[in-house]
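K.L.:
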Amino acid sequence: MGIEGTVAPGGPAAGESRLTGDNSVMALDSALPPLQVADRLARLRAGIDAAGVDALLVTALPNVRYLTGFSGSAGVVLVTGRGAVLVTDGRYRTQAAEQLTAAGHDGTVELCVGGLQAQRDALADAARAGAVTRLGLEADRVTWSAKRRWAEDLAPAEPVPTSGVVELLRQVKDAGELVRMARAAAIADAALAEVRPLLAQHVREDEVALALDTAMRRLGAEDRAFETIVASGPNAAKPHARPSKRVIVEGDPVVVDFGAIFEGYRSDMTRTFCVGGEPAGTLARVFDVVAEAQAAGVAAVRAGVATGDVDKACRDLIADAGWKDAFEHGTGHGVGLDIHEAPSVGPGSTAILGPDVVVTVEPGVYLAGIGGVRVEDTVVVTVDGCHTLTRFPKDIAA
Ligand code: ZN
Ligand code: ZN
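Under my numbering, the first residue of the sequence shown carries the number 3, and numbering increases by one thereafter.
Next up, the structure:
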């Protein structure tokens with residue numbers, strides 16, 4: 003059976019994605035399954051124990067959102083063994099209360115809204131109530147000065163560095179998250195379908211980027227997932243070029259790397275086109291090799307595989323073609339509330355893929371003076387393979 007079955011009561015069967023299969027923009031009116039926010043705190047507490055701390059002070063905003071549903075631009079959550087408190091300022095009084103309720107956190111997450119001192123006091127009270135002695139901080143996200151301040155504010159609890167505790171949970175997406183990511187991807191697919199004809203009309207890179215960004219917003223995106231890349235001709239040799247005033251001309255490779263945000267969740271896709279049809283010379287070979295490498299990478303994705311092996315599947319093909327040094331970035335990354343999140347998919351990466359983890363597969367070859375090609379899909383890992391969220395065709399003519 004394919005991986006596009008509908009969601010069965012009690013969750014997907016082995017090997018099945020939680021997606022309903024139809025992520026076309028046409029399906030955008032249908033009701034969204036809720037995000038399963040309320041049970042995340044219980045799963046986090048297991049991670050807190052494993053990290054050897056009594057509590058976790060969550061300061062990274064995507065992690066705050068993941069755990070509580072609160073999407074404001076300022077907020078901190080302290081999760082102890084027995085409770086949780088969200089602190090934020092007066093701008094978010096109503097929003098925070100509404101979002102906690104919507105997430106099913108009434109009674110499980112205490113809300114404190116007020117000035118800085120009131121917020122610090124609330125966190126200190128919660129730490130005392132939870133008898134916290136070893137306080138986990140998110141070491142990858144906390145500045146040195148913030149660490150000193152937390153040590154003072156929450157004394158006698160002792161700050162202890164932790165890494166990736168919430169991020170580990172975020173790797174595995176629930177049904178509601180997967181549907182939102184599929185919608186973000188479908189919006190991006192539809193935007194590119196609208197904008198693709200522009201590539202052959204002697205427009206500038208930045209005009210194409212603006213058209214894509216505008217189309218995504220019109221189609222329902224709340225924002226773009228990151229700064230859209232449109233890189234043509236020699237600019238295509240720069241993996242992260244910013245859209246310039248360069249006019250796209252016949253024979254150019256054009257790398258288009260972009261994504262949408264839908265209800266907080268991001269998509270990420272790259273297609274490389276050849277303006278005027280068929281590429282010539284070395285560039286023709288580059289298009290073929292990258293397409294082959296990308297397909298090999300996607301084919302390597304399944305539960306139980308190390309992300310380093312997905313990288314190797316892509317990298318070996320490119321090395322065999324003689325362009326080992328022209329593929330200078332990792333093969334991919336996790337995607338979700340952040341555009342780059344765990345797990346990374348690079349040389350030697352040891353993270354093991356599991357069902358409903360979402361990663362990109364995006365090998366590229368970049369040759370200074372000639373151009374470059376990258377092809378990227380965002381895929382959902384299943385027991386026996388993966389399900390592709392980004393579905394724009396891979397034919398290269400523009
Ligand atoms: Zn991308
Ligand atoms: Zn990417």
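We treat Cβ as the ideally placed atom computed from N, Cα and C, and that holds for glycine.
(1) DSSP state of residue 109, grouped into three classes?
(2) Check whether the segment 296–314 touches the segment 252–264, taking contact to mean three or more Cβ pairs, one atom from each stretch, closer than 8 Å.
(3) Let me confirm a value: residue 238 is counted as buried when at least 16 other C-beta atoms fall within 10 Å, else exposed. Which label applies?
(4) My guess is that residue 57 and residue 89 are in contact by the Cβ rule of under 8 Å, so how many angstroms apart are they, rounded?
(5) Could you tell me the distance, in whole angstroms, from the CA atom of residue 48 to the CA atom of residue 62?
(6) Relative to ligand 3, is the shortest distance from any of its heavy atoms to the C-beta of residue 270 smaller than 7 Å?
(7) Please tell me whether residue 207 and residue 233 are closer than 8 Å, where the distance is taken between their beta carbons.
(8) By the three-class DSSP mapping on this structure, what secondary structure does residue 339 have?
(9) Using the three-state DSSP reduction, which class does residue 145 fall into: helix, strand or coil?
(10) Alpha helix (DSSP H) containing residue 287: first to last residue?
(11) Whose C-beta lies closer than 6 Å to the C-beta of residue 351 among residues of the same chain, with five residues either side of it excluded?
(12) By a C-beta neighbour count over all protein chains shown, 10 Å radius and 16 as the cutoff for buried, is residue 135 buried or exposed?
(13) Near residue 243, which residues of its chain fall below 7 Å by C-beta distance, leaving aside the five closest residues on each side in sequence?
(14) Could you name each continuous beta strand (DSSP E) segment of 3 residues or more that falls completely within the segment 190–253, going from the start of the chain to the end?
(15) Any idea if residue 83 is buried or exposed, counting beta-carbon neighbours within 10 angstroms, 16 or more meaning buried?
(16) Alpha carbon to alpha carbon, how far is residue 337 from residue 219? Give it in angstroms, no decimals.
(17) Using DSSP bridges, identify the partner residues of residue 160.
(18) Mark residue 251 as exposed unless 16 or more other C-beta atoms lie within 10 angstroms of its C-beta, in which case mark it buried.
(19) Could you name each continuous alpha helix (DSSP H) segment of 4 residues or more that falls completely within the segment 30–56, going from the start of the chain to the end?
(20) In terms of DSSP beta bridges, what is residue 368 paired with?
(21) Report yes if the C-beta distance between residue 365 and residue 320 is below 8 Å; otherwise report no.
(22) Would you mind sorting residue 247 into buried or exposed? The rule is 16 or more other CB atoms within 10 Å of its CB.
(23) Please go through the same chain and pick out, in chain order, the residues whose beta-carbon is closer than 7 Å to the beta-carbon of residue 120, but skip the five residues on each side of it.
P.N.:
In this structure, then:
(1) As a position in the sequence shown, residue 109 is number 107, starting the count at 1. If DSSP states are grouped into helix, strand and coil, residue 109 belongs with coil.
(2) no
(3) Locating residue 238 in the sequence shown gives position 236, where the first residue counts as 1. Flag for residue 238 reads buried.
(4) In the sequence shown, counting from the first residue as 1, residue 57 sits at position 55. In the sequence shown, counting from the first residue as 1, residue 89 sits at position 87. Going by Cβ atoms, the distance from residue 57 to residue 89 rounds to 14 Å, so no, they are not a contact pair.
(5) Here residue 48 corresponds to residue number 46 of the sequence shown, with the count starting at 1. Here residue 62 corresponds to residue number 60 of the sequence shown, with the count starting at 1. Residue 48 and residue 62: Cα-Cα distance of roughly 19 Å.
(6) Although ligand 3 was asked about, the structure shown includes only ligand 1 and ligand 2 as ligands.
(7) Here the question's residue 207 lines up with position 205 in the sequence shown. Here the question's residue 233 lines up with position 231 in the sequence shown. Taking 8 Å as the Cβ cut-off, residue 207 and residue 233 qualify as a contacting pair.
(8) Position 337 of the sequence shown, counted from the start, is the residue given in the question as residue 339. Residue state, collapsed to three classes: coil.
(9) Your numbering for residue 145 matches position 143 in the sequence shown. Of the three classes helix, strand and coil, the one that applies to residue 145 here is coil, per DSSP.
(10) As a working note, residue 287 is residue 285 in the sequence shown. Under the DSSP assignment, residue 287 falls in the alpha helix (DSSP H) whose first and last residues are 283–302.
(11) On the sequence shown, residue 351 is found 349 positions in, with the first residue counted as 1. Counting only Cβ-Cβ distances below 6 Å, and skipping sequence neighbours, we find 309, 310.
(12) Within the sequence shown, residue 135 is the residue found at index 133, counting from 1. Exposed, since its Cβ has fewer than 16 Cβ neighbours within 10 Å.
(13) As a first step, residue 243 is located in the sequence shown; it is residue number 241 there, counting from the start. Closer than 7 Å at Cβ, skipping near neighbours: 231, 233, 237.
(14) 231–234
(15) Within the sequence shown, numbered from 1, the residue matching residue 83 stands at position 81. It is exposed - the Cβ of residue 83 has fewer than 16 other Cβ atoms within 10 Å.
(16) As a working mapping, residue 219 is identified with position 217 in the sequence shown. As a working mapping, residue 337 is identified with position 335 in the sequence shown. Taking the straight line joining both Cα atoms gives about 20 Å.
(17) As a first step, residue 160 is located in the sequence shown; it is residue number 158 there, counting from the start. DSSP output for residue 160 lists 136 as bridge partner(s).
(18) Translated into positions along the sequence shown, residue 251 becomes position 249. The residue is exposed, with fewer than 16 neighbouring Cβ atoms inside 10 Å.
(19) 42–52
(20) In the sequence shown, counting from the first residue as 1, residue 368 sits at position 366. The bridge partners DSSP lists for residue 368 are 374.
(21) Numbered from 1 along the sequence shown, position 363 holds the residue referred to as residue 365. Numbered from 1 along the sequence shown, position 318 holds the residue referred to as residue 320. Yes, Cβ-Cβ distance for residue 365 and residue 320 is below 8 Å.
(22) Position 245 of the sequence shown, counted from the start, is the residue given in the question as residue 247. So residue 247 ends up on the exposed side.
(23) Residue mapping note: residue 120 aligns to position 118 of the sequence shown, counting from 1. Non-local beta-carbon contacts of residue 120 in its own chain, meaning distances under 7 Å to residues more than five positions away in sequence, involve 114 in chain order.
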